[in-house]
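What follows is a set of notes on a single structure, which appears directly below.
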Amino acid sequence: MGLVDLPVELVESIINFIIPENWVYNSEVQWVLNLRLLCRLFNRIISHCAFRKLDIDTKNGNVQVPLWRAAARGHEALVRLLLEKGTELESKDQYGRTPLSSAAANGHMTVVELLLEKGAELESKSKRGRTPLFWAVANGRIAVVKLLLEKGAELESKDSTGRTPIFWAAAYGHEAMLKLLLEKYAKRESKDSKRQTPLSIATINGYVKLLLEKGAKSVSKSRSSGDQMALWIAAAKGYETVVKLLLEKGVEVESKGGNGQTPLWWAAVNGHEAVVNLLLERGAKPDSTREPGSRTPLFLVAASGQEAWVKLLLGKGAGLDSKTDDGVTPLLAAARNVREVVVRLLLEKGAELESKDQYGRTALSWAAANGLGMAVKLLLEKGAEPESKDQYGRTALSWAAASGLGTIVELLLEKGADLESKDCDGQTPLSRAVANGHLAVVELLLEKGADLESKSERGGTPLFWAAAKGRVAMVKLLLEKGAELESRDSNGQTPLSRAAENLKKEVVRLLIEKGAEESY
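So, in structure tokens, the structure goes:
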């Protein structure tokens with residue numbers, strides 16, 4: 001014998017045991033009722049007992065009202081019973097969704113019909129402005145959508161983001177739903193608060209084909225139109241088939257986005273070779289930029305080291321020496337980003353050697369600083385100027401020495417780089433190498449005849465830099481090579497006083513051992 005067959009008095013005793021008369025209502029008690037509402041076996045318990053004890057329309061925190069839960073689970077009998085007992089038809093959960101929205105989202109046709117029959121509000125909106133139709137569309141509930149539309153649901157109702165139901169069908173790729181909504185004349189070109197259309201939303205998720213086949217227009221020349229946005233998105237995501245469809249529908253291959261980027265730019269920056277090829281075949285300009293002076297596709301692929309793409313774009317006529325507003329050419333971009341193979345390729349194609357960026361640095365300067373030995377060698381062979389100075393007065397040798405790149409230092413010296421070239425601070429390649437602790441390079445420079453006593457703008461010699469930095473091994477080397485122990489800078493300080501000032505105890509001890517005067 002089941003619980004439902006017990007005498008009502010016995011059932012009431014069970015309920016009294018579960019929910020005592022003196023039990024104060026809270027969300028846990030409501031949870032007990034909610035559980036029972038989900039089971040048809042407890043209809044009699046609910047009918048005869050539970051309603052005497054608990055508020056059937058109460059919710060607490062995240063606990064939904066009983067009617068909402070019953071509708072969500074499709075329990076028609078419970079929904080009917082609750083309505084007979086006077087529960088609020090438009091009661092909402094914490095997100096502002098009504099029982100009708102809940103039933104629609106879950107595809108419970110009979111419950112939807114019952115709620116509508118009882119007068120449920122067809123256009124009731126959640127906190128985000130979504131009606132029952134939205135929920136049915138988003139969840140692919142075809143039958144429910146048909147019913148709601150027959151009952152007069154608003155097809156162009158907008159939620160808080162400005163989106164209509166068709167956006168959600170497009171976003172989730174519900175083809176049958178899209179077909180239905182399009183047959184009902186849903187607006188294909190509707191725009192949300194971000195100026196996106198159902199077509200652009202579908203493109204984001206790769207669900208664009210049906211919208212195009214069903215006639216979504218793609219002929220607008222407006223810079224902010226959704227169809228052009230769809231092309232940018234498809235290009236950026238590498239959806240070759242979608243790009244092809246959009247182009248066939250008439251979207252302009254050179255359409256520019258809000259920031260001026262073209263589809264080719266987006267495909268290039270995201271590494272989608274097939275899409276790049278397709279766009280170039282359809283007439284995309286290889287030097288398309290956001291605006292004059294911005295980065296071209298060639299610049300982008302050169303900076304990212306994509307040799308094959310560099311060849312492809314050059315073969316399509318991309319400008320070899322196009323410059324950004326900062327003066328950066330593809331060659332400079334490759335050198336700055338340590339793309340040696342691309343540097344060599346661009347040089348072989350005849351790239352301009354002496355172009356300078358916003359810092360006054362050339363490709364040789366960057367290649368030397370970044371340790372691109374083969375690129376440095378090729379640049380020098382092509383005639384790059386080793387004595388070209390940047391805005392800081394530094395040469396390629398200065399950067400190579402500061403980076404401790406002995407092989408490149410040798411290459412530059414072999415090509416006649418000035419060993420004593422001084423930068424704006426009066427530092428030589430030797431003092432830069434000393435300051436950064438590159439012993440091997442310091443030894444190399446000294447062997448090549450670098451001036452051990454060369455002074456900076458403030459009068460400091462290489463020994464000053466070694467002492468101030470606390471480089472014990474470097475101090476030893478310089479002293480062994482004959483560095484002047486008592487040399488003074490423009491402030492009258494000696495290497496010893498500089499070391500003491502910087503609390504370099506080991507260097508202080510060493511200098512004193514070597515005979516430095518303790519005059520500080």
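Start counting the sequence shown at 1; every next residue gets the next number (UniProt numbering).
All C-beta atoms in this analysis are idealised placements derived from N, C-alpha and C, irrespective of residue type, glycine included.
| Item | Value |
| --- | --- |
| Same chain, Cβ closer than 8 Å to K504, neighbours up to 5 away in sequence not counted | A467, A468, K469 and G470 |
| Helix, strand or coil at Q228 according to DSSP, with G and I counted as helix | helix |
| Buried or exposed (CB count within 10 angstroms, at least 16 for buried), N491 | exposed |
| Cutoff 8 Å: A466 Cβ touching any chain B Cβ | You won't find chain B in this structure, because it holds only one protein chain. |
| T164 - DSSP class collapsed to helix/strand/coil | coil |
| Nearest to D376 (by Cα), restricted to the options A396, Q228 and K184 | Going by the sequence as given, residue 376 is Val instead of Asp. Minimum Cα distance to V376 is reached at A396. |
| Cutoff 6 Å; reference L430; Cβ partners in own chain excluding five residues on either side | L445, A450 and P462 |
| Among E154, A334 and L78, the one whose alpha carbon lies nearest that of V111 | L78 |
| Buried/exposed call for D325, threshold 16 Cβ in 10 Å | exposed |
| Outcome for K473 when other beta-carbon atoms lying within 10 angstroms are tallied against a minimum of 16 | The identity of residue 473 in the sequence shown is Ala, whereas the question assumes Lys. Exposed is the call here. |
| For P66, the three-state DSSP class (helix, strand or coil) | helix |
| Cutoff 6 Å; reference V338; Cβ partners in own chain excluding five residues on either side | N370 |
| Range covered by the alpha helix (DSSP H) that runs through S398 | A396 to A402 |
| Classification of V508 by the beta-carbon crowding that lies within 10 angstroms, buried from 16 upward | buried |
| N-terminal and C-terminal residue of the alpha helix (DSSP H) that V376 is part of | G373 to E381 |
| Where Y172 falls: helix, strand or coil (DSSP) | helix |
| Cβ separation of A333 and A368, assumed to be a contact under 8 Å, to the nearest whole Å | With a Cβ gap of about 16 Å, A333 and A368 do not count as contacting. |
| Proximity to K178 [Cα-Cα], best of M374, D192, S190 and G140 | Note that residue 178 is Leu in the sequence shown, not Lys. Of the listed residues, the one whose Cα sits closest to L178 is G140. |
| Candidates G460, L405 and L419, of which the one nearest A440 by Cα | L405 |
| Whether Q427 touches S456 by CB criterion (8 Å) | yes |
| Range covered by the alpha helix (DSSP H) that runs through S497 | P495 to E501 |
| For V343 and L312, the rounded distance between their alpha carbons | 15 Å |
| Three-state secondary structure assigned by DSSP to K187 | coil |
| Coarse secondary structure for T241, derived from DSSP in three states | helix |
| Spatially closest choice to V251 from N270, R282, A267 and P386, by CA coordinates | R282 |
| Identity of the residue in E340, L182, V328 and A186 nearest T296 by Cα | V328 |
| Distance between A234 and K356 (C-alpha atoms, nearest Å) | 36 Å |
| Beta-carbon proximity check, A402 vs R432, cutoff 8 Å | yes |
| Anticipated Cβ contact below 8 Å, V243 with V275, distance rounded | 6 Å |
| Backbone secondary structure at S431 - three-state DSSP | helix |
| Start-end ranges of the alpha helix (DSSP H) lying completely within the UniProt repeat "ANK" (458 to 490), minimum 4 residues | 462 to 469 and 472 to 480 |
| When Y359, L479, E340 and L320 are compared against E352, the one with the closest alpha-carbon | L320 |
| With 16 other Cβ atoms within 10 Å as the buried cut-off, status of G515 | exposed |
| Range of the contiguous alpha helix (DSSP H) that encloses A138 | P132 to A138 |
| Local conformation of K53 per DSSP, three classes | In this prediction, K53 has a pLDDT of 42, which is less than 50 and means its spatial position is unreliable; nothing more can be read from the coordinates. |
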